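Before any comments, here is the structure.
There are 4 protein chains.
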Amino acid sequence: MTERGGARVPRGEARDRIVAAATELFGRQGYEATTTRQIVEAAQVTKGAMYHWFSSKEELLTSIYRELLAEQTARLEAIAGGAGPADVRLHDAVTDLFAHMDEHAEPLTVWARSMHLVAGEHAAAVRAERRRYQHLFQDLVEEGQKTGVFRGDVLATVVTNTFLSGIVQIYRWFRPEGPLTRRELGEQMVALFLDGVRTVPTAEPA
Amino acid sequence: MTERGGARVPRGEARDRIVAAATELFGRQGYEATTTRQIVEAAQVTKGAMYHWFSSKEELLTSIYRELLAEQTARLEAIAGGAGPADVRLHDAVTDLFAHMDEHAEPLTVWARSMHLVAGEHAAAVRAERRRYQHLFQDLVEEGQKTGVFRGDVLATVVTNTFLSGIVQIYRWFRPEGPLTRRELGEQMVALFLDGVRTVPTAEPA
Amino acid sequence: MTERGGARVPRGEARDRIVAAATELFGRQGYEATTTRQIVEAAQVTKGAMYHWFSSKEELLTSIYRELLAEQTARLEAIAGGAGPADVRLHDAVTDLFAHMDEHAEPLTVWARSMHLVAGEHAAAVRAERRRYQHLFQDLVEEGQKTGVFRGDVLATVVTNTFLSGIVQIYRWFRPEGPLTRRELGEQMVALFLDGVRTVPTAEPA
Amino acid sequence: MTERGGARVPRGEARDRIVAAATELFGRQGYEATTTRQIVEAAQVTKGAMYHWFSSKEELLTSIYRELLAEQTARLEAIAGGAGPADVRLHDAVTDLFAHMDEHAEPLTVWARSMHLVAGEHAAAVRAERRRYQHLFQDLVEEGQKTGVFRGDVLATVVTNTFLSGIVQIYRWFRPEGPLTRRELGEQMVALFLDGVRTVPTAEPA
DNA sequence: TATGAATGAGTATTCATTCAT
DNA sequence: AATGAATGAATACTCATTCAT
């Protein structure tokens, strides 16, 4: 979303208004439940204009993804490729992700909700980018496992997917008006991911 | 509305066939992509019969989930209300949840995928039941925090939501044909939840 | 309607409850807009019960008519067949009709609204009865024309239909809470029918 | 909703054909008995085209009526606002109304038959316009009462509603093939309204 | 004197998309 | 860089009625 909350009708060029409207609607109602009619009404353009800029509703969805994903991937690359122990870099990566969610909450919601609906040609491209992002994350986990900083009895895929699931679902329950800011939430979640809930990790049950 | 609130729902042959067909189709194609026509054809009933038992496609979806949720809530209640330290009971609860998911993977996938499409009355009813489930979980976490078995620097809501998010999302990446069974995955995820990825929890970063 | 306002669920035998519910619904929403489902729910019977007593929705409608029409016809017959000048008898007939509308407002509404929908076998019977009623009225008008008490330059059909239209439409605008009782309204309408609005009937325009 | 409130409605060929077809079908079979399928087939357009111009079948019905009502209101305004005694102007207004009905018998029949099926927003809009028409009429009656040309012992509302009921119902019994033309009928009805049936208005009964 | 599950043809409406201008 | 009328196939849902029990 290129627009901060408050203004109802997005200003700017038609294309931007379409993207902003679609992002907001996809995020709030889901991709399937959003009609092209709603999009053009919210963006205050005609259907023709929308199809002038995007060849289909699906392309509109993938556009939103890819823009976001590209940025996120670049940031993760920078941090993961840095120096220092894996756990510290993981911590920094997640912290950074949360910092950016403040500004990109809506497209991330879209991503979480509607990713699996992208099919056909578009799917391939998006899935490839998405896999690249996930791999950067997973590589970091695997590196930590090799250097002994992370446990080896849990598969790196399990770790990565569990982490990302937790993050991607935040929009479902987190309320910015609540007791925590998004950044504080980030700190708590990283702490949880890294060290778990248990204070005395020795007493293995069963 | 054909179902009488609270009372045991009568099961005709037709009703069972409808539920089975819908579960399978929703799970495979998603809720929106499944048509009532497909459901009645698969269930070998007429449309009228389907609408005799369920007042809408949405009620059919929520029915499937509510039945399952009720069962899961009962199981969690039994385990969480037992004796022993909180971490052991949490471990047992999650293990049991995974065992149960093994038998009911389809309807759970259905729900995880289509939850956000349900609105209004139905959503409210399900959310209420779902909240009850979550509270059972959260109470267990809070108890552990009070007894010192769980860390107190992370809010119980954060713990609970993070756990459940990880679980609810597994249908997105887990493949039963892969290296792990669902139960093995369960073991790894509990381990992760309880003790984190890090082997040396002392070296707190930043 | 066999029921005075106040009680929601009509007491009494099933058949009576069905008639009462149908009358109320047909009167309020119209025949076409009322579903058998609404009728059986309001009457608190099953569909089977309804079809046990009435072979179709249409028969239910005609039943309501015929009961009312038979009574009304009998009363009109008694008055129209009496002695005295035609205008006095017409006056008495209309007065009597208004007196009875107090108790039969609902079925009269049904009659006014849905008469024209009755088709097929039922139609013939109802139309015959309805025509009989109208003819009693019209005979009275024609008699008055012959005896010179009524004007001859307006067709008796026009007079009759205009009278009855005015009466049948009352439910559309008359409110019992308003300045007039139904009987007072009756007096005013008869006065209007008999002598017109104009005080000086001599000055023929055009 | 495709129509923009207040502004002149653009007329494509297709829109005109839809209105014409709907008017004819509604008039002949009734609103409920007419399907959208029949309308689009008769108008030789697709369903999509119909829903492009009218947001629902109900809007199509109300459109037909509102257009007509607006015209009639304008005519009544012109005549009622003229000079001369109230009874002459009333006579002229009704005569003009019948002349107009002669040309627009179909849409008027449509409305008289189906009015009660329209609910909600559309009904409210039409009722407001309809009330405006009725008030013009009633004002004329009240003026006549003040100037002594009309009797004062009958409420103006009663007069107005009785008049208009008689007119609105003529579609139920009038047959153009019968002994009278619509204009002749108009003359007889005005005569009746103004001076009543009775030749000797002195002999007040009871 | 009911029950209630089931029918099946039919309904109004939606929606992503196109294309001449 | 747009418009907006039109498409056409598909969709969820309704409803009077039946019938074995």
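Residue numbers (our numbering), protein chains in the order written: chain X, 647 to 852; chain R, 647 to 852; chain F, 647 to 852; chain B, 647 to 852.
Glycine residues also receive a C-beta, built at the ideal position from the N, C-alpha and C atoms.
All values reported here derive from a predicted model rather than from experimental measurement.
Which word fits residue i, buried or exposed, when buried means at least 16 other C-beta atoms lie within 10 angstroms of its C-beta?
i, result
"Thr-708/X", "buried"
"Asn-807/B", "buried"
"Pro-753/B", "buried"
"Thr-793/X", "exposed"
"Glu-717/X", "exposed"
"Glu-670/X", "buried"
"Arg-661/R", "buried"
"Ala-770/F", "exposed"
"Asp-799/X", "exposed"
"Ala-745/R", "exposed"
"Gly-766/B", "exposed"
"Ser-701/R", "exposed"
"Glu-833/X", "buried"
Just to confirm, is the Cβ distance from residue i to residue j under 9 Å?
i, j, result
"Val-795/X", "Leu-838/R", "no"
"Arg-712/X", "Ala-726/X", "no"
"Arg-776/B", "Leu-715/B", "yes"
"Leu-810/X", "Leu-722/X", "no"
"Gly-812/B", "Gly-842/F", "no"
"Val-787/F", "Phe-672/F", "no"
If we ignore side chains and look at the alpha-carbon of each, how far apart do residue i and residue j end up?
i, j, result
"Val-686/R", "Ala-667/R", "8 Å"
"Thr-681/B", "Glu-704/B", "12 Å"
"Ala-676/R", "Leu-763/B", "The sequence as given places Gly at residue 676/R; Ala does not occur at that position. Approximately 38 Å, taken between the alpha carbons."
"Arg-663/F", "Ala-689/F", "5 Å"
"Ala-758/F", "Glu-659/B", "38 Å"
"Lys-693/X", "Glu-678/X", "18 Å"
"Val-655/F", "Thr-719/R", "Interpretation of Val-655/F is limited by its pLDDT of 44, a score under 50 that renders its predicted location unreliable; no figure is taken from the coordinates."
"Leu-706/R", "Arg-778/R", "21 Å"
"Tyr-817/F", "Met-696/X", "52 Å"
"Gly-651/X", "Gln-815/F", "Unreliable placement is indicated for Gly-651/X, whose pLDDT of 36 sits below 50; the coordinate value is still reported in the next sentence. Distance between the alpha carbons of Gly-651/X and Gln-815/F: 55 Å."
"Arg-821/X", "Leu-831/X", "11 Å"
"Gln-780/B", "Ala-774/F", "35 Å"
"His-750/B", "Gln-684/X", "39 Å"
"Glu-760/F", "Val-665/X", "Per the sequence shown, residue 760/F should be read as Ser rather than Glu. So the two alpha carbons sit approximately 53 Å from each other."
"Val-691/X", "Val-691/B", "26 Å"
"Pro-851/B", "Trp-819/B", "Any answer about Pro-851/B is weak, because its pLDDT of 48 lies below 50 and its placement is not dependable; what the coordinates show is given next. Whole-angstrom Cα-Cα distance: 30 Å."
"Arg-674/B", "Glu-823/B", "16 Å"
"Trp-699/X", "His-768/X", "16 Å"
Out of the options, which one is the CA nearest neighbour of residue i?
i, options, result
"Val-836/F", "Gly-798/F, Ala-660/F and Asp-738/F", "Asp-738/F"
"Arg-828/R", "Leu-743/R, Ala-695/R, Leu-706/R and Gln-791/R", "Leu-743/R"
"Arg-797/X", "Ala-751/R, Gly-728/R and Arg-844/R", "Arg-844/R"
"Leu-840/F", "Ala-745/F, His-781/F, Gln-780/F and Val-740/F", "Val-740/F"
"Ala-729/F", "Glu-789/F, Ala-802/F, Pro-822/F and Phe-820/F", "Glu-789/F"
"Pro-825/B", "Leu-831/F, Leu-826/F and Ala-802/F", "Ala-802/F"
"Val-772/X", "Ile-710/X, Gln-791/X and Met-696/X", "Ile-710/X"
"Gln-784/B", "Asp-733/B, Ser-760/B and Trp-819/B", "Asp-733/B"
"Gln-791/B", "Trp-699/B, Pro-731/B and Ser-760/B", "Pro-731/B"
For residue i, go through chain F and note every residue whose CB falls closer than 8 Å to its CB, in chain order.
i, result
"Gln-684/B", "Within chain F, no residue comes near Gln-684/B; the closest Cβ sits about 16 Å away, beyond 8 Å."
Which residues of chain F have a Cβ atom closer than 7 Å to the Cβ of residue i, listed in chain order?
i, result
"Thr-808/B", "Gly-812, Met-835 and Leu-838"
"Gln-784/B", "Within 7 Å Cβ-Cβ: nothing; Gln-784/B doesn't reach chain F, min ~11 Å."
"Arg-663/B", "Result: empty, since nearest Cβ-Cβ is about 26 Å, beyond 7 Å."
Could you work out which residues of chain R lie near residue i, taking near to mean beta carbons separated by less than 8 Å?
i, result
"Phe-796/X", "Val-843, Arg-844 and Thr-845"
Since residue i meets chain B, which of its residues come closer than 8 Å, beta carbon to beta carbon?
i, result
"Arg-759/F", "His-762"
"Asp-799/F", "Gln-834 and Ala-837"
"Leu-831/F", "Val-804"
What does residue i touch in chain X if you count any residue whose Cβ is under 9 Å from its own?
i, result
"Val-805/R", "Gln-834, Leu-838 and Val-843"
In chain X, which residues lie with their C-beta within 8 Å of the C-beta of residue i?
i, result
"Leu-826/R", "Leu-801 and Val-804"
Using a Cβ cut-off of 9 Å, pull out every chain R residue sitting near residue i, in sequence order please.
i, result
"Gly-676/X", "Glu-678, His-762 and Leu-763"
"Trp-699/X", "Neighbours of Trp-699/X on chain R: none; closest Cβ ~25 Å, over 9 Å."
"Gln-815/X", "Asn-807, Thr-808, Leu-810, Ser-811, Gly-812, Val-814 and Gln-815"
List, in chain order, every chain R residue whose beta-carbon is nearer than 7 Å to that of residue i.
i, result
"Asp-748/X", "Simply none; closest approach about 17 Å."
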